[in-house]
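*Asks:* In this note's numbering, the protein residues as written are 918 to 1206.
Quick reminder that beta carbons are idealized off the backbone N, C-alpha and C, glycines included.
Can you read through this structure? Questions will come right after.
Encoded structure:
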């Protein structure tokens, strides 16, 4: 059985009833006026989308601003750190320069102190030398142009100096002669030291206090004593021999005994020959003068 076919022209002539009713309904629907209305989206969904979009934009802007600000702060911090590092290097260089200057000044001050000390020592030495030269000039003047009282054999000077050893001294004796015939003066000079020696003794047993005076000595008195240079030096000669035409320096060393306090030195020079003469002079005990 073949299926039936229908067309628009014979909708009402040969088709079945049910089909005809359906066609009629469709025709009536087609004849009605069609109205097209736009479909409105959901307002709440749109608001949410817009809110999230605004939030995302705000977050992005904040992140961008924050990043720019952080980048600017980092650049500022880096620049500040570089400047601080440069300032630190400059300060270190200044400190090193100041340290070198300070050391140089210290060295210069030390050199100045040493130079000043050496200069003072040289000046003191020169002053001593000038004093010595002045004494020498005076001495030679007295020989070359003597007064009437300076003629003949003279004990010109006697000086003492401590050696640093206990009770040990050096001496220098100067003898001069002014004579018209310029003959040699020859003879012996004797030097003696006058002073006092303490005489001590131990206290008697009756007056001794064991707790206070045991082992001690009590000075009783002192006696005048004269010591010859011969005894102090251990020489076998009676005196010191001299022979000169104009002047002679005699030097030596001696040690004083214990408990002897010197007061003065007596020098006696005796020339021999056809024109024998004698010169005598006393000097105070003054070591180091």
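Excluding the five sequence neighbours on either side, which residues of its own chain have a C-beta within less than 6 Å of the C-beta of residue 1145, listed in chain order?
*Replies:* 1109
*Asks:* Ignore the nearest five residues each way along the sequence and tell me which others in residue 1195's own chain have a CB closer than 6 Å to its CB.
*Replies:* Result list for residue 1195: 1187, in chain order.
*Asks:* By DSSP, does residue 1032 sit in helix, in strand, or in coil?
*Replies:* helix
*Asks:* Could you tell me whether the segment 1160-1180 touches the segment 1039-1052, where touching means 3 or more Cβ pairs closer than 8 Å?
*Replies:* no
*Asks:* So, with DSSP's three-state summary, where would you put residue 1054?
*Replies:* DSSP places residue 1054 in helix when its eight states are reduced to three.
*Asks:* Thinking C-alpha only, which one of 1166, 982, 1075 is nearest residue 1183?
*Replies:* 1075
*Asks:* Quick check: the segment 1034-1046 against the segment 1156-1174, are at least 3 beta-carbon pairs closer than 8 Å?
*Replies:* no
*Asks:* When burial is assigned at 16 or more other CB atoms within 10 Å of the CB, is residue 1028 buried or exposed?
*Replies:* exposed
*Asks:* Do you know offhand how far residue 1202's Cα is from residue 1165's?
*Replies:* 22 Å
*Asks:* To the nearest angstrom, how far is it from the Cα of residue 1162 to the Cα of residue 1022?
*Replies:* 60 Å
*Asks:* Look at the Cβ atom of residue 1111, then the Cβ atom of residue 1143, and state whether they are nearer than 8 Å.
*Replies:* yes
*Asks:* With DSSP run on the structure shown, which of helix, strand or coil describes residue 1080?
*Replies:* coil
*Asks:* Near residue 1113, which residues of its chain fall below 8 Å by C-beta distance, leaving aside the five closest residues on each side in sequence?
*Replies:* Here the set comprises 1139, 1140, 1141, 1142, 1177, 1178, 1180.
*Asks:* Based on the DSSP output, what are the partners of residue 1195 in its beta bridges?
*Replies:* 1187
*Asks:* Determine, using beta carbons only, whether residue 1073 and residue 1091 come nearer to each other than 8 Å.
*Replies:* yes
*Asks:* Using the three-state DSSP reduction, which class does residue 1075 fall into: helix, strand or coil?
*Replies:* strand
*Asks:* Evaluate residue 966 with the Cβ neighbour count: other Cβ atoms within 10 Å of its Cβ, from every protein chain shown; 16 or more gives buried, anything less gives exposed.
*Replies:* Classified as exposed, residue 966 has fewer than 16 neighbouring CB atoms from the shown chains inside 10 Å of its CB.
*Asks:* For residue 1129, which residues from the same chain have a beta carbon less than 7 Å from its beta carbon, with the 5 sequence-adjacent residues on both sides left out?
*Replies:* With a pLDDT of only 34 at residue 1129, under the threshold of 50, the placement of this residue in the model should not be trusted, and no figure is reported.
*Asks:* Here's a check: name, in chain order, each residue in its chain whose Cβ is nearer than 6 Å to the Cβ of residue 1198, leaving out the five neighbours to either side.
*Replies:* 1072, 1184
*Asks:* Report the three-state DSSP secondary structure of residue 1011 (helix, strand or coil).
*Replies:* helix
*Asks:* State the Cα-Cα distance for the pair residue 982 and residue 972, rounded to the nearest angstrom.
*Replies:* 15 Å
*Asks:* In this structure, what does DSSP give as the bridge partners for residue 1145?
*Replies:* 1109
*Asks:* With distances taken Cα to Cα, identify the nearest neighbour of residue 1101 among 1058, 1152, 1150, 1189.
*Replies:* Selected option, being the one with the closest Cα: 1189.
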